[in-house]
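Enquirer: Residue numbers (this note's numbering): 65 to 742. Handing you a structure now.
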Amino acid sequence: MCYTFDTKLKTMFDTKLFLSQDKNLLKKFEEIHNYIYANDGLSEQQILDEFIKILFIKFTDEKNDKQLFTISKQEVVDINSGTKKSLFIKRISKLLEKTKIEYKDIFDKKEKFVLSSQSLAYIVNKLQNVDFYNSTKDAKGLAFQKFLGRQAKGGRGQFFTPEPVIDFCVEILQPKPNEKIIDPACGTGGFIFSALKYIEKNNKNINLQKYTKENIFGIEINQRITQIAKMKFLLECNGDANVLCNNALSDIDELSLQFADFSNIKHLQNSFDIVLTNPPFGSQGRISNQKQLAKYELGYKWTKHKNTYYKSKKIQKGQVPDILFIEKSLQLLKPEGRLGIVLPNGIFENSSLEYLRLYIKEKANIISVVRLPQETFIPYGTGVKASLLFIQKKNNTTSKKYNIFFSKIDKLGYQGNKNGTPEYLKDKYGRIEIDKTGNQILNEDYSTVIKDYKLFKKEENINSLNSFLLSNTELKGRLDYDYYSPENRKLINKLKNVKSARLGDLVQIVKTKSKRLKSDEQVEYIELSDINTHSFEIINSTLLNTYELPSRASYEIKEGDIITAVAGNSIGSHKHATAYVTNEFENAICTNGFRIFRKPIIDPFYLLFYLKSDAFLKQVFMYRTGAAIPAISDNDLANILVYLPNEQKLSRISENVKQSFTLRKSAKEKLTSIELII
């Protein structure tokens with residue numbers, strides 16, 4: 065394709081522009097950012113958008129060797145003085161039009177510069193002599209990455225997955241130079257970019273431009289973010305990445321047709337060796353389009369019959385995107401292809417999603433589950449609890465016995481604050497430790513878990529605090545790390561080997577709403593915070609009219625009941641709220657965050673003691689589910705095992721607990737009897 069310009073524009077620059085490499089690009093990028101911010105008053109997002117646009121027209125100009133990305137000293141003077149700016153603006157606008165044609169999938173036809181003429185002149189003057197196309201990828205790629213990372217802190221962090229998480233996932237799946245890789249929710253291209261770096265590092269003579277064109281693919285719904293992803297690859301290997309700007313949850317045949325327009329792949333289904341992705345998740349953005357949902361098995365409701373689930377003919381009213389992305393990823397994979405995906409913990413543990421876990425186990429073998437700490441994504445704008453799932457699509461329906469690698473990351477190498485401040489390993493004197501090359505050593509678990517995983521792949525024994533193996537035949541309805549951890553399994557086995565009983569067999573678990581809620585009267589209301597977690601006591605209540613009660617107000621308590629928390633961040637910890645109901649709180653109403661234990665067939669004071677023991681709390685922590693507000697289901701609560709010591713020991717514990725209540729009551733009476741006379 066050629067340009068058509070006025071003769072005046074053609075003859076204006078007789079001397080060929082000299083382009084050279086620039087090792088200090090980051091400084092130039094930041095100077096451009098600061099100039100725009102000070103002179104045009106644009107937001108951080110607008111500045112980044114305009115900067116990306118400028119880089120694209122610069123690359124387009126270099127690729128076509130037209131040297132239109134240029135400005136003379138006189139033009140700079142004229143524009144800054146407010147005169148004769150039309151030729152420069154016309155030249156740059158023509159270049160933008162050419163760029164919009166070359167990258168029609170990521171630029172709107174109506175795209176224009178938001179920048180002022182002065183800012184455009186400043187930027188072009190700064191970058192016109194830089195040779196982007198032939199500069200070393202380290203100089204330009206690293207500068208762009210750092211610049212982008214700094215701008216992300218200004219409000220675009222929602223599009224980023226932490227680099228350590230990305231690199232870890234790539235290390236687990238270990239892509240090979242003949243494998244095709246796709247991220248169907250690629251954002252700025254973090255996963256596919258990391259995969260490219262891994263390939264380069266482990267294959268010295270690889271042609272990155274050729275490899276990118278033939279093997280790296282992505283889909284991103286947001287046009288601006290797609291531009292960033294494409295620019296990363298232009299800077300890294302002077303190659304256009306096969307990143308399609310579209311909704312990956314669209315019909316796979318429609319997506320295939322669009323991919324075929326600009327890439328070497330004709331069909332997406334069953335075409336990829338690796339899928340790496342961090343899809344959008346959360347109940348607030350449910351997919352509700354019925355035609356779209358009908359194209360997914362997981363878009364339908366599933367019903368349970370005996371010990372399995374079956375897809376019904378009824379389409380769900382709405383489905384969260386992360387669940388649909390699991391099915392989409394399996395569609396994209398070849399048989400025996402591998403998937404690494406970031407998912408909220410609810411996917412691994414919530415009882416309502418047991419059908420999904422069964423679906424995954426039927427379609428794929430579970431390679432690994434890795435739990436991430438809650439603070440992982442805090443520097444990127446969310447405190448969501450998430451884990452990593454690695455699976456391999458089955459080649460046939462035959463199930464074989466195999467081991468699953470479970471692990472956890474506790475130390476991230478950065479603090480869980482808004483800035484993600486690096487955290488380094490320190491010696492016993494508090495000094496930061498240095499490696500053989502003189503670099504500070506990050507305090508992280510990723511490298512430890514990678515070592516454990518490599519031992520697992522070699523079928524060697526793992527002796528690690530982070531990792532353990534589990535046979536797929538031992539999988540129950542869940543997939544979360546805590547449920548299967550050796551510590552918890554050891555506890556359950558120990559309880560089964562001594563005299564113990566199900567909690568549900570020892571007490572009546574009250575979960576029926578009080579009829580008093582329908583009356584018009586005043587009641588004492590008790591919340592989770594009204595419990596002294598150290599002394600098993602209700603220490604406060606609030607007198608309210610029934611119409612003033614919150615919707616969570618539910619159960620009426622009686623003297624002699626035991627109430628224990630079943631929801632909240634503290635359940636399963638030593639701050640778990642449990643209390644004995646005295647006559648002072650007879651007929652009070654408590655929140656549905658409690659369950660009431662009534663008419664125990666063992667001594668209530670022993671049961672009260674057991675509910676504060678590690679044996680009980682560890683089981684609650686093992687069973688609890690929920691990414692936002694942890695909770696334990698009534699079924700799991702009833703299944704908790706209660707250790708029953710011999711009668712003599714049980715009576716001694718009960719008597720001590722009962723005596724502590726008597727002493728506290730006596731102490732209260734003494735305090736209230738004291739008078740101060742002035």
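We treat Cβ as the ideally placed atom computed from N, Cα and C, and that holds for glycine.
Under a three-way DSSP split, which group does residue 550 fall into?
Expert: Along the sequence shown, one-based indexing puts residue 550 at 486. Residue 550: helix per DSSP, three-state reduction.
Enquirer: Is residue 702 helix, strand or coil by DSSP?
Expert: In the sequence shown, residue 702 corresponds to position 638, counting from 1. Helix, per DSSP.
Enquirer: How would you label residue 168, buried or exposed, when you count the other beta carbons within 10 angstroms and need 16 or more for buried?
Expert: Here residue 168 corresponds to residue number 104 of the sequence shown, with the count starting at 1. Looking at its Cβ environment, which holds fewer than 16 other Cβ atoms inside 10 Å, residue 168 is exposed.
Enquirer: Can you tell me which of the three DSSP states residue 250 falls into?
Expert: Here residue 250 refers to the residue found at position 186 of the sequence shown. It is coil, neither helix nor strand.
Enquirer: What residues in its chain sit with their C-beta under 8 angstroms from that of residue 633, if we drop five residues either side in the sequence?
Expert: Numbered from its first residue, the sequence shown carries residue 633 at position 569. The residues are 693 and 694.
Enquirer: Using three-state DSSP, classify residue 440 as helix, strand or coil.
Expert: Looking up residue 440 in the sequence shown gives position 376. Correct three-state label for residue 440: helix.
Enquirer: DSSP puts residue 369 in a beta bridge; with which residues?
Expert: Indexing the sequence shown from 1 puts residue 369 at position 305. Bridge partners of residue 369: 372.
Enquirer: Does the distance from the C-beta atom of residue 285 to that of residue 255 stay below 8 angstroms?
Expert: Here residue 285 corresponds to residue number 221 of the sequence shown, with the count starting at 1. Here residue 255 corresponds to residue number 191 of the sequence shown, with the count starting at 1. No, the pair does not count as a contact, with Cβ atoms beyond the cut-off.
Enquirer: Looking at the structure shown, is residue 138 part of a helix, part of a strand, or coil, going by DSSP?
Expert: The count along the sequence shown starts at 1 and reaches residue 138 at position 74. Residue 138 falls in the helix class under three-state DSSP.
Enquirer: For residue 431, which option in 183, 535, 510 and 657 has the closest C-alpha, if you only look at C-alpha atoms?
Expert: As a first step, residue 431 is located in the sequence shown; it is residue number 367 there, counting from the start. Looking at the Cα atoms, 535 is the closest of the given residues.
Enquirer: Given a cut-off of 8 angstroms, decide if residue 357 and residue 387 are closer than it, judged by their beta-carbon atoms.
Expert: One-based indexing of the sequence shown puts residue 387 at position 323. One-based indexing of the sequence shown puts residue 357 at position 293. Contact: no.
Enquirer: For residue 241, count the other beta carbons within 10 Å of its own beta carbon; 16 or more makes it buried, fewer makes it exposed. Which is it?
Expert: Within the sequence shown, numbered from 1, the residue matching residue 241 stands at position 177. Under this definition residue 241 is an exposed residue.
Enquirer: Assuming the contact rule is C-beta atoms closer than 8 angstroms, residue 379 and residue 363 should be a hit. Round their C-beta distance to whole Å, please.
Expert: In the sequence shown, counting from the first residue as 1, residue 379 sits at position 315. In the sequence shown, counting from the first residue as 1, residue 363 sits at position 299. About 6 angstroms separates the two Cβ atoms, so the contact holds.
Enquirer: Residue 487: which of 505, 274 and 739 sits nearest, CA to CA?
Expert: As a first step, residue 487 is located in the sequence shown; it is residue number 423 there, counting from the start. The option with the nearest alpha carbon to residue 487 is 505.
Enquirer: With residue 410 as the anchor, note down where its alpha helix (DSSP H) starts and where it stops.
Expert: The count along the sequence shown starts at 1 and reaches residue 410 at position 346. Per DSSP, residue 410 belongs to the alpha helix (DSSP H) from 409-413.
Enquirer: Three-state secondary structure (DSSP) at residue 545?
Expert: Working through the sequence shown from its first residue, we reach residue 545 at position 481. The answer is helix: DSSP assigns residue 545 an H, G or I state.
Enquirer: Could you spell out where the beta strand (DSSP E) holding residue 619 opens and where it closes?
Expert: Your numbering for residue 619 matches position 555 in the sequence shown. Start and end: 617-620.
Enquirer: Just the C-alpha distance for residue 281 and residue 571, rounded to the nearest angstrom, thanks.
Expert: Within the sequence shown, residue 281 is the residue found at index 217, counting from 1. Within the sequence shown, residue 571 is the residue found at index 507, counting from 1. Distance between the alpha carbons of residue 281 and residue 571: 57 angstroms.
Enquirer: Does residue 147 come out as helix, strand or coil in the three-state DSSP assignment?
Expert: Stepping through the sequence shown from its first residue, residue 147 is reached at position 83. In this structure, residue 147 counts as coil in the three-state DSSP scheme.
Enquirer: For residue 666, which residues in the same chain have their Cβ closer than 6 angstroms to its Cβ, ignoring the five residues on either side in sequence?
Expert: Reading the sequence shown from its first residue, position 602 is the one you call residue 666. Taken in chain order, the residues that qualify are 570.
Enquirer: Could you tell me which residues DSSP puts in a beta bridge with residue 520?
Expert: Working through the sequence shown from its first residue, we reach residue 520 at position 456. In DSSP, residue 520 forms no bridge with anything.
Enquirer: If you draw a straight line from the C-alpha of residue 173 to the C-alpha of residue 164, how long is it?
Expert: Along the sequence shown, read from residue 1 onward, the residue named residue 173 stands at position 109. Along the sequence shown, read from residue 1 onward, the residue named residue 164 stands at position 100. Approximately 7 angstroms between the Cα atoms of the pair.
Enquirer: Can you list, in chain order, the residues of its chain whose CB lies under 6 angstroms from that of residue 662, leaving out five sequence neighbours each side?
Expert: To locate residue 662, count along the sequence shown from 1; it is residue 598. 572, 574 and 625, listed in sequence order.
Enquirer: Tell me which same chain residues have a C-beta within less than 7 angstroms of the C-beta of residue 567, skipping the five on either side of it?
Expert: In the sequence shown, residue 567 corresponds to position 503, counting from 1. Closer than 7 angstroms at Cβ, skipping near neighbours: 701, 702, 704 and 706.
Enquirer: With a Cβ-Cβ cutoff of 8 angstroms, do residue 51 and residue 597 count as a contact?
Expert: One cannot answer for residue 51 here, as it falls past the ends of the chain, which runs 65 to 742.
Enquirer: Kindly say whether residue 536, judged by its beta-carbon, lies nearer than 8 angstroms to any beta-carbon of chain D.
Expert: Within the model displayed, chain D is absent; a lone protein chain is all it includes.
Enquirer: Give me, in chain order, the residues of the same chain whose beta-carbon lies closer than 6 angstroms to that of residue 186; leave out the 5 immediate sequence neighbours on both sides.
Expert: Reading the sequence shown from its first residue, position 122 is the one you call residue 186. The answer, listed in chain order, is 99.
Enquirer: Would you identify the three-state DSSP class for residue 386, choosing helix, strand or coil?
Expert: In the sequence shown, residue 386 corresponds to position 322, counting from 1. In this structure, residue 386 counts as helix in the three-state DSSP scheme.
Enquirer: So which of 355, 313 and 370 has the shortest CA-CA distance to residue 344?
Expert: Numbered from 1 along the sequence shown, position 280 holds the residue referred to as residue 344. Here the closest residue by C-alpha is 313.
Enquirer: Give me, in chain order, the residues of the same chain whose beta-carbon lies closer than 7 angstroms to that of residue 729; leave out the 5 immediate sequence neighbours on both sides.
Expert: Start at 1 with the first residue of the sequence shown, and residue 729 comes out as number 665. Excluding residues within five positions, none has a Cβ falling inside 7 angstroms.
Enquirer: Note down the Cα distance separating residue 367 from residue 684, rounded to an integer number of angstroms.
Expert: By 1-based counting over the sequence shown, the position of residue 367 is 303. By 1-based counting over the sequence shown, the position of residue 684 is 620. Their Cα atoms are separated by approximately 27 angstroms.
Enquirer: For residue 645, count neighbouring Cβ atoms within 10 angstroms of its own Cβ and tell me buried if that reaches 16, exposed if not.
Expert: Counting from 1 along the sequence shown, the entry for residue 645 is found at position 581. Residue 645 is buried by the Cβ-count criterion.
Enquirer: I believe residue 111 touches residue 97 by the beta-carbon criterion, under 8 angstroms. Please report the beta-carbon distance rounded to the nearest angstrom.
Expert: Here residue 111 is taken as the residue at index 47 of the sequence shown, counted from 1. Here residue 97 is taken as the residue at index 33 of the sequence shown, counted from 1. So it is a contact: roughly 6 angstroms between Cβ atoms.
Enquirer: Okay, do the segment 400-407 and the segment 446-456 touch, 3+ Cβ pairs below 8 angstroms being the bar?
Expert: Enough Cβ pairs lie closer than 8 angstroms, so yes.
Enquirer: Is residue 723 helix, strand or coil when you go by DSSP?
Expert: In the sequence shown, residue 723 corresponds to position 659, counting from 1. Helix, per DSSP.
Enquirer: Here's a check: name, in chain order, each residue in its chain whose Cβ is nearer than 6 angstroms to the Cβ of residue 333, leaving out the five neighbours to either side.
Expert: Taking the sequence shown and counting its residues from 1, the one referred to as residue 333 is at position 269. Result list for residue 333: 316 and 395, in chain order.
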